[in-house]
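Colleague:
Protein chains: 2
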Amino acid sequence: MSMADTVVAEGGGSLHQRILTDISEKITSGAWAPGHRIPFEHELSVQYNCSRMTVNKALSQLAKAGLIERRRRSGSFVRRPQSQAAVLEIHDIRIEVEALGLPYRYERVMRHKRRSSAGDRASLELGLAGPVLALECGHFAGERPFAHEQRLINLTAVPEAADEEFLAIAPGPWLIGRVPWSEAEHRIRAVAADRHIAAALDIEAGAPCLVVERRTWSAEHPVTHVRFTYAAESHTLVARFRPSQG
Amino acid sequence: MSMADTVVAEGGGSLHQRILTDISEKITSGAWAPGHRIPFEHELSVQYNCSRMTVNKALSQLAKAGLIERRRRSGSFVRRPQSQAAVLEIHDIRIEVEALGLPYRYERVMRHKRRSSAGDRASLELGLAGPVLALECGHFAGERPFAHEQRLINLTAVPEAADEEFLAIAPGPWLIGRVPWSEAEHRIRAVAADRHIAAALDIEAGAPCLVVERRTWSAEHPVTHVRFTYAAESHTLVARFRPSQG
DNA sequence: CGTTTCGATATGTATATACATAATCGTCAT
DNA sequence: ATGACGATTATGTATATACATATCGAAACG
């Protein structure tokens, strides 16, 4: 069985998809090392018995995914794995808790509407003064505190939030779907619990905690800033990733 | 000026790119809410004065990026923001340190070649027994310890590592480029420093630390398991992201 | 009234073609 | 040698076309 025969053997999806996964595998398996010149579009179109356009579409996608680099007149080359970018999935806390098989409970601890202080504006990266809603909430797994939430909502961007008490629904799920976000930033770090957090999470002051802060923008306007604090034992963030997907 | 005129007004890149960013913006800005039916390929091809193929290429990409959902006969619809996936960039420690304007220093603390213990096999998710290389290294920013590295390398997957002392080069940079990885997993959590880590990082035992663990596979074979421990003050992980990029 | 069939429609995939653009190579004149 | 220049080549982008496929809706039928 010749090389060409192997390649053109029957496969599941579309041709375009097959070319994509074939080459993707060659690269991630190491068969084609970084720097290796992959066959020209013309050669591949002969190998796969299809038109150059089909090959082009597949290679363009691989280039966009960052697996290969294309140079006019020279050909396409396997890129060396450059920035290690991981896809970090941050789920809804309710779903996290329920995935552990524990009953989830939500509790609003504090709700305060006020004109933004200088600190608020720094948190939200807000230019002008304006009303904000400050919230503090507890998330429980069974009897135990799971996470403590401290949130600021920019009422200029989300005026409807002023009328919501957040007694029955947590601000996270409330905001999702209501406010289209265009950008977000996470900061993840370890801190020692201060007395306030220690009391909320029922741990000792000074105990290590994982803090996840998220700022969200919608079309250039800051929407919300939230800080989740987890007791060290209760939580691990997991990020699984591949250099690219076919 | 008619709608069509506005849309076809001169723009930077290719038409295909313009269609992509136009629609992407409409969605992320909220102008087209989740569930909204975007114009048919045919309508867009008239609006942008181009062929259906060009529109199709753009829409296919948006669908692949997860911004829209396409249904035969019915049209294409804006998807609601589903999983919050953040791109977490994990840089080389040297680069992180130098970005702070501090001199970087690397030090190998321990190097030990051995048959894998049960614990090693658990760390690497290794099925069979085989030789591993255990390393411990310090990364310094100026005079201060910045991160402590504890690493296992699967010598079955990377036999060349057995001959490397890792005195001058850190295992991370050494492995990158030499071993094509196909998959990796990060675990991020907060811990209290034990005495060993406390001594290495020059902090007090029990002080909070950020731990980033990474496991890497290459074509189904475990390659390495590494644990970086940072003193809480010294490090924050940042992940910035958008729902999708044009 | 319910079911089946069939046509219309929108997307999915692939083709041949055309011209633009960038980079490299060889040739020729200096 | 060296530099200018044009030919060649591979990719980049767009077009018109064709047929496949899924699905909605309406008409035909038992």
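Protein chains in written order, with our numbering: chain V, 1 to 246; chain Z, 247 to 492.
Idealized CB from N, CA, C, for every residue including glycine.
Tell me, please, whether the segment 211 to 219 of chain V touches the segment 182 to 201 of chain V by the rule of three or more beta-carbon pairs shorter than 8 Å.
Modeller: yes
Colleague: So, do the segment 160 to 178 of chain V and the segment 203 to 210 of chain V have three or more beta carbon pairs nearer to each other than 8 Å?
Modeller: no
Colleague: Give me the residue from 193(V), 200(V), 224(V) and 141(V) with the minimum Cα distance to residue 154(V).
Modeller: Locating residue 154(V) in the first sequence gives position 154, counting from the first residue. Comparing Cα positions, the closest option is 224(V).
Colleague: Quick check on DSSP: helix, strand or coil for residue 255(Z)?
Modeller: Taking the first residue of the second sequence as 1, we reach residue 255(Z) at position 9. In this prediction, residue 255(Z) scores a pLDDT of 35, lower than 50, which makes its location untrustworthy; the coordinate-derived value is nonetheless stated afterwards. In this structure, residue 255(Z) counts as coil in the three-state DSSP scheme.
Colleague: Just to confirm before moving on: does the CB-CB distance between residue 55(V) and residue 19(V) stay below 9 Å?
Modeller: To locate residue 55(V), count along the first sequence from 1; it is residue 55. To locate residue 19(V), count along the first sequence from 1; it is residue 19. Against a cut-off of 9 Å, the Cβ pair of residue 19(V) and residue 55(V) comes out as a contact.
Colleague: From the beta carbon of residue 431(Z), is the nearest beta carbon of chain V less than 9 Å away?
Modeller: Looking up residue 431(Z) in the second sequence gives position 185. With 9 Å as the cut-off, residue 431(Z) counts as an interface residue toward chain V.
Colleague: Would you please verify whether the beta carbon of residue 144(V) is less than 9 Å from any beta carbon of chain Z?
Modeller: Your numbering for residue 144(V) matches position 144 in the first sequence. Not closer than 9 Å to any Cβ of chain Z, the Cβ of residue 144(V) fails to qualify, so no.
Colleague: Please say whether residue 374(Z) and residue 356(Z) have beta carbons closer to each other than 9 Å?
Modeller: The count along the second sequence starts at 1 and reaches residue 356(Z) at position 110. The count along the second sequence starts at 1 and reaches residue 374(Z) at position 128. No.
Colleague: Does the pairing of the segment 51 to 68 of chain V with the segment 95 to 106 of chain V give three or more beta-carbon distances under 8 Å?
Modeller: no
Colleague: Specify the secondary structure class of residue 169(V) as computed by DSSP and reduced to three states.
Modeller: Translated into positions along the first sequence, residue 169(V) becomes position 169. Reduced to three states, the DSSP call for residue 169(V) is coil.
Colleague: Just the Cα atoms here: how many angstroms apart are residue 196(V) and residue 150(V)?
Modeller: Here residue 196(V) is taken as the residue at index 196 of the first sequence, counted from 1. Here residue 150(V) is taken as the residue at index 150 of the first sequence, counted from 1. C-alpha separation (whole angstroms): 12 Å.
Colleague: Taking CB distances under 9 Å as the criterion, tell me whether residue 266(Z) reaches chain V.
Modeller: Your numbering for residue 266(Z) matches position 20 in the second sequence. Not a single C-beta of chain V is nearer than 9 Å to the C-beta of residue 266(Z).
Colleague: DSSP three-state label for residue 181(V), please.
Modeller: What you label residue 181(V) is simply residue 181 of the first sequence in a count that begins at 1. Residue 181(V) falls in the coil class under three-state DSSP.
Colleague: Candidates 393(Z), 392(Z), 359(Z) and 365(Z): which alpha carbon is nearest residue 378(Z)'s?
Modeller: Here residue 378(Z) corresponds to residue number 132 of the second sequence, with the count starting at 1. Of 393(Z), 392(Z), 359(Z) and 365(Z), the residue nearest in Cα terms is 359(Z).
Colleague: Any idea if residue 248(Z) is buried or exposed, counting beta-carbon neighbours within 10 angstroms, 16 or more meaning buried?
Modeller: Numbered from 1 along the second sequence, position 2 holds the residue referred to as residue 248(Z). Bear in mind that the predicted position of residue 248(Z) carries a pLDDT of just 33, short of 50, making it too unreliable to give a figure here.
Colleague: Select from the segment 432 to 447 of chain Z all residues with a C-beta closer than 9 Å to any C-beta belonging to chain V, and list them in chain order.
Modeller: 432, 433, 434, 435, 436, 437, 438 and 439
Colleague: Going by DSSP, what residue range makes up the alpha helix (DSSP H) through residue 274(Z)?
Modeller: Here residue 274(Z) is taken as the residue at index 28 of the second sequence, counted from 1. Here the alpha helix (DSSP H) through residue 274(Z) covers 261 to 274.
Colleague: Give me the Cα-Cα distance between residue 122(V) and residue 220(V), rounded to the nearest whole angstrom.
Modeller: Here residue 122(V) corresponds to residue number 122 of the first sequence, with the count starting at 1. Here residue 220(V) corresponds to residue number 220 of the first sequence, with the count starting at 1. Distance between the alpha carbons of residue 122(V) and residue 220(V): 16 Å.
Colleague: Between residue 403(Z) and residue 468(Z), what straight-line distance do the alpha-carbon atoms span, to the nearest angstrom?
Modeller: Residue mapping note: residue 403(Z) aligns to position 157 of the second sequence, counting from 1. Residue mapping note: residue 468(Z) aligns to position 222 of the second sequence, counting from 1. Cα to Cα, residue 403(Z) sits roughly 7 Å from residue 468(Z).
Colleague: When you compare only the Cα positions, how much space is there between residue 408(Z) and residue 447(Z)?
Modeller: Within the second sequence, the letter at position 162 stands for residue 408(Z). Within the second sequence, the letter at position 201 stands for residue 447(Z). Distance from the CA of residue 408(Z) to the CA of residue 447(Z), rounded to the nearest whole angstrom, comes to 27 Å.
Colleague: So the candidates are 353(Z), 415(Z) and 292(Z); which of them puts its Cα closest to the Cα of residue 394(Z)?
Modeller: For the purposes of this step, residue 394(Z) is identified with residue 148 of the second sequence, where counting begins at 1. It is 353(Z).
Colleague: Would you mind working out which of 291(Z), 325(Z), 297(Z) and 312(Z) sits nearest residue 281(Z), comparing C-alpha positions?
Modeller: Your numbering for residue 281(Z) matches position 35 in the second sequence. Measuring from the Cα of residue 281(Z), the nearest candidate turns out to be 325(Z).
Colleague: How many whole angstroms separate the CB atoms of residue 456(Z) and residue 189(V), which I take to be in contact at a CB cut-off of 8 Å?
Modeller: Taking the first residue of the second sequence as 1, we reach residue 456(Z) at position 210. Taking the first residue of the first sequence as 1, we reach residue 189(V) at position 189. Yes, residue 456(Z) and residue 189(V) are in contact; Cβ-Cβ is about 6 Å, under 8 Å.
Colleague: So, residue 361(Z) versus residue 322(Z), is the Cβ gap smaller than 9 Å?
Modeller: Here residue 361(Z) refers to the residue found at position 115 when the second sequence is read from its first residue. Here residue 322(Z) refers to the residue found at position 76 when the second sequence is read from its first residue. The answer is no: Cβ separation not under 9 Å.
Colleague: To be precise: take each residue of the segment 20 to 36 of chain V, compare its Cβ to all Cβ atoms of chain Z, and keep it if any distance is under 8 Å. Which residues remain?
Modeller: 27, 28, 29, 30, 33 and 34
Colleague: On the premise that residue 170(V) lies in contact with residue 137(V), defined as a C-beta separation below 8 Å, what is that separation, rounded to the nearest angstrom?
Modeller: Within the first sequence, numbered from 1, the residue matching residue 137(V) stands at position 137. Within the first sequence, numbered from 1, the residue matching residue 170(V) stands at position 170. Contact flag correct, Cβ pair sits at about 6 Å.
Colleague: I'd like to know whether the C-beta of residue 158(V) is nearer than 9 Å to at least one C-beta of chain Z.
Modeller: Taking the first sequence and counting its residues from 1, one reaches residue 158(V) at position 158. Output row for residue 158(V): interface = no.
Colleague: Counting only beta-carbon separations shorter than 9 Å, does residue 207(V) have a partner in chain Z?
Modeller: For the purposes of this step, residue 207(V) is identified with residue 207 of the first sequence, where counting begins at 1. For residue 207(V), the answer is yes, since a Cβ of chain Z falls inside 9 Å of its Cβ.
Colleague: Suppose you measure from the CA of residue 102(V) to the CA of residue 199(V); what does that come to, to the nearest Å?
Modeller: For this step, residue 102(V) is matched to residue 102 along the first sequence. For this step, residue 199(V) is matched to residue 199 along the first sequence. So the two alpha carbons sit approximately 22 Å from each other.
Colleague: Might you give, ordered along the chain, the residues of its own chain that have their beta carbon closer than 7 Å to the beta carbon of residue 51(V), omitting 5 neighbours on each side?
Modeller: Translated into the one-based positions of the first sequence, residue 51(V) becomes position 51. Hits under 7 Å: 45.
Colleague: Using 9 Å as the limit for Cβ to Cβ distance, is residue 420(Z) near chain V?
Modeller: For the purposes of this step, residue 420(Z) is taken as residue 174 along the second sequence, with counting starting at 1. Chain V, which has no Cβ nearer than 9 Å to the Cβ of residue 420(Z), makes this no.
Colleague: Could you tell me whether the Cβ atoms of residue 14(V) and residue 141(V) are closer together than 9 Å?
Modeller: The count along the first sequence starts at 1 and reaches residue 14(V) at position 14. The count along the first sequence starts at 1 and reaches residue 141(V) at position 141. Not in contact: residue 14(V) and residue 141(V) (Cβ atoms no closer than 9 Å).
Colleague: Pull up the CB-CB distance for residue 194(V) and residue 152(V), whole angstroms please, since I reckon it's below 8 Å.
Modeller: Taking the first residue of the first sequence as 1, we reach residue 194(V) at position 194. Taking the first residue of the first sequence as 1, we reach residue 152(V) at position 152. So it is not a contact: roughly 18 Å between Cβ atoms.
Colleague: Give me, in chain order, the residues of the same chain whose beta-carbon lies closer than 7 Å to that of residue 437(Z); leave out the 5 immediate sequence neighbours on both sides.
Modeller: By 1-based counting over the second sequence, the position of residue 437(Z) is 191. Counting only Cβ-Cβ distances below 7 Å, and skipping sequence neighbours, we find 455 and 457.
Colleague: Residue 145(V): buried (16+ other C-beta within 10 angstroms of its C-beta) or exposed?
Modeller: The count along the first sequence starts at 1 and reaches residue 145(V) at position 145. Residue 145(V) should be labelled buried.
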